[in-house]
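**Student:**
Numbering (the numbering used here), first residue to last: 2 to 146.
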């Protein structure tokens with residue numbers, strides 16, 4: 002599911018880097034402010050909801066909202082893992098997610114699709130062996146023996 006989401010969002014980000022207006026950048030920055038607020042208050046459920054909205058803005062800006070439902074459907078398992086990760090590892094360093102998102106916004110502002118795609122890849126693929134081990138230790142019931 003991560004593969005599909007990454008493929009779709011990379012393609013969408015290429016278009017976002019071309020099409021984003023000043024108002025669109027403002028929407029992304031407003032989302033960043035909300036995410037930062039939620040993290041500062043340990044409101045991680047709200048952060049995850051705003052994270053979905055943040056990524057949804059890419060589809061809106063690229064005029065590709067029609068494919069966003071497919072991405073959401075195909076990302077069900079990825080989103081489960083992301084929620085588990087946030088509840089076990091994300092508390093340790095929520096700033097990591099904010100930095101990832103800011104790198105994407107910066108690349109969009111620079112109109113650099115390769116940089117935006119790399120930032121997205123770093124963001125979606127940053128699931129370390131240490132994170133996996135911690136999740137398996139805290140939630141062994143989620144994994145087959």
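Just so it is clear, CB atoms sit at the ideal spot from N, CA and C, and this is done for glycine as well.
Could you tell me whether any Cβ in chain C is nearer than 8 angstroms to the Cβ of residue 47?
**Tutor:** Considering every chain present, this structure includes no chain C. It has just one protein chain.
**Student:** Pick out whichever of 118, 111, 103 and 126 has its Cα sitting closest to the Cα of residue 35.
**Tutor:** With distances taken between Cα atoms, residue 35 lies closest to 103.
**Student:** Between which residues of its own chain and residue 77 is the CB-CB distance below 7 angstroms, once the five residues before and five after are set aside?
**Tutor:** Only 2 meet the Cβ criterion.
**Student:** Going by Cα to Cα distance, which pick from 40, 120, 121 and 58 is closest to residue 88?
**Tutor:** With distances taken between Cα atoms, residue 88 lies closest to 40.
**Student:** For my contact list, residue 117 and residue 18 are in at a C-beta cut-off of 8 angstroms; report their separation, rounded to the angstrom.
**Tutor:** 6 angstroms between Cβ atoms; contact.
**Student:** At which residues does the alpha helix (DSSP H) containing residue 84 begin and terminate?
**Tutor:** It spans 77-89 - the alpha helix (DSSP H) in which residue 84 sits, taken as one unbroken run.
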